[in-house]
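Asks: Just so you know, the sequences run in chain order A and B. Converting from the first sequence to our numbering requires adding 362 to each position, the first position being numbered 1. Converting from the second sequence to our numbering requires adding 53 to each position, the first position being numbered 1. Glycine included, C-beta positions come from ideal geometry on N, C-alpha and C.
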Amino acid sequence: SQKIEQNSEALNIQEGKTATLTCNYTNYSPAYLQWYRQDPGRGPVFLLLIRENEKEKRKERLKVTFDTTLKQSLFHITASQPADSATYLCAVDGQNFVFGPGTRLSVLP
Amino acid sequence: NAGVMQNPRHLVRRRGQEARLRCSPMKGHSHVYWYRQLPEEGLKFMVYLQKENIIDESGMPKERFSAEFPKEGPSILRIQQVVRGDSAAYFCASSPQSTGNSGNTIYFGEGSWLTVV
Numbered sequence: 363s364q365k366i367e368q369n370s371e372a373l374n375i376q377e378g379k380t381a382t383l384t385c386n387y388t389n390y391s392p393a394y395l396q397w398y399r400q401d402p403g404r405g406p407v408f409l410l411l412i413r414e415n416e417k418e419k420r421k422e423r424l425k426v427t428f429d430t431t432l433k434q435s436l437f438h439i440t441a442s443q444p445a446d447s448a449t450y451l452c453a454v455d456g457q458n459f460v461f462g463p464g465t466r467l468s469v470l471p
Numbered sequence: 054n055a056g057v058m059q060n061p062r063h064l065v066r067r068r069g070q071e072a073r074l075r076c077s078p079m080k081g082h083s084h085v086y087w088y089r090q091l092p093e094e095g096l097k098f099m100v101y102l103q104k105e106n107i108i109d110e111s112g113m114p115k116e117r118f119s120a121e122f123p124k125e126g127p128s129i130l131r132i133q134q135v136v137r138g139d140s141a142a143y144f145c146a147s148s149p150q151s152t153g154n155s156g157n158t159i160y161f162g163e164g165s166w167l168t169v170v
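1) Would you check if there are 3 or more beta carbon pairs closer than 8 Å linking the stretch 78-86 of chain B to the stretch 132-151 of chain B?
2) What residues in its chain sit with their C-beta under 8 Å from that of SER447/A, if we drop five residues either side in the sequence?
3) Could you name the residues that DSSP lists as bridge partners for ALA141/B?
4) If we cut at 8 Å on Cβ distances, does ARG423/A have a partner in chain B?
5) CB ARG89/B to CB ALA141/B, shorter than 8 Å?
6) Should GLN434/A be counted as a contact of the ligand NAD given a C-beta to heavy atom distance under 7 Å?
7) When you compare only the Cα positions, how much space is there between TYR398/A and LEU167/B?
8) Tell me which same chain residues have a C-beta within less than 7 Å of the C-beta of LEU102/B, skipping the five on either side of it?
9) For a minimum of 3 consecutive residues, which ranges assigned as the beta strand (DSSP E) are wholly contained in the stretch 76-122 of chain B?
10) How far does the beta strand (DSSP E) with ALA55/B in it reach, from first residue to last?
11) Could you tell me the alpha carbon to alpha carbon distance between PHE408/A and PHE161/B, rounded to whole angstroms?
12) So, are the CB atoms of SER165/B and TYR143/B less than 8 Å apart?
The structure is reproduced here in structure tokens:
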């Protein structure tokens, strides 16, 4: 069956370190994969989109990789700050968007 | 350019009542998606609509739930005879064109929080 998994429910890291979040998918063949941020009580906000023919995409302190062989995307936040604390969702683009369960990131000062 | 507008933000209903949630997509967007998020759970797809058409309702419960996106006016998600298990955040999103591996992203509203008492 189709499935999207994100590496852990919660991730705690120290301010200034790099946070790495994982998204694995099964039985999908997405041409695109997207990452969103969701703060408590708010709607998800689009961060980055990566195409299957792109190995890596960057935006400021964010970096996303997409390995279609491993069926995996990695999402990195470098020089993390407490303001980066949120839940991060990956989404696979198909007939409709299917989201992973999310990883709750806490950046500790 | 206003974003996706949802109302009400918070809604309290007694068991057995009806809940109507409204969503106005971003200007120029003709595709609307509804998602449900239960406490401490992920976003679950419910339904995808274009103007006057339901494209995919594979995530909608078979009973009590319906959705529409009329030619004029907002999209409506309607829940009849609500039960406690319907308590959740309901998010609407919109896109200018179909997704379907097209690379179009979707933009979310701030959600409608339904509490059934």
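Replies: This is what the structure gives:
1) They touch, by the three-pair rule.
2) Closer than 8 Å at the Cβ level, and outside the excluded window around SER447/A, lie LEU467, SER468 and VAL469.
3) The secondary-structure analysis by DSSP pairs ALA141/B across a beta bridge with LEU167/B.
4) No, ARG423/A lies away from the interface with chain B (no Cβ there is under 8 Å from its Cβ).
5) Contact check for ARG89/B against ALA141/B passes: the beta carbons are separated by less than 8 Å.
6) The model depicted lacks the ligand NAD and carries no ligand whatsoever.
7) Going by the C-alpha atoms only, they are around 23 Å apart.
8) Leaving aside the five residues that flank LEU102/B on each side, the residues in its chain whose CB is nearer than 7 Å to its CB run, in chain order, VAL85, ILE108, ALA120, PHE122 and SER128.
9) Listed in chain order, the complete beta strand (DSSP E) runs (minimum 3 residues) inside the stretch 76-122 of chain B are 84-90, 96-103, 106-109 and 118-121.
10) Counting along the chain, ALA55/B falls outside any beta strand (DSSP E), and DSSP gives it neither H nor E.
11) Cα to Cα, the separation comes out at about 9 Å.
12) Contact flag set, yes.
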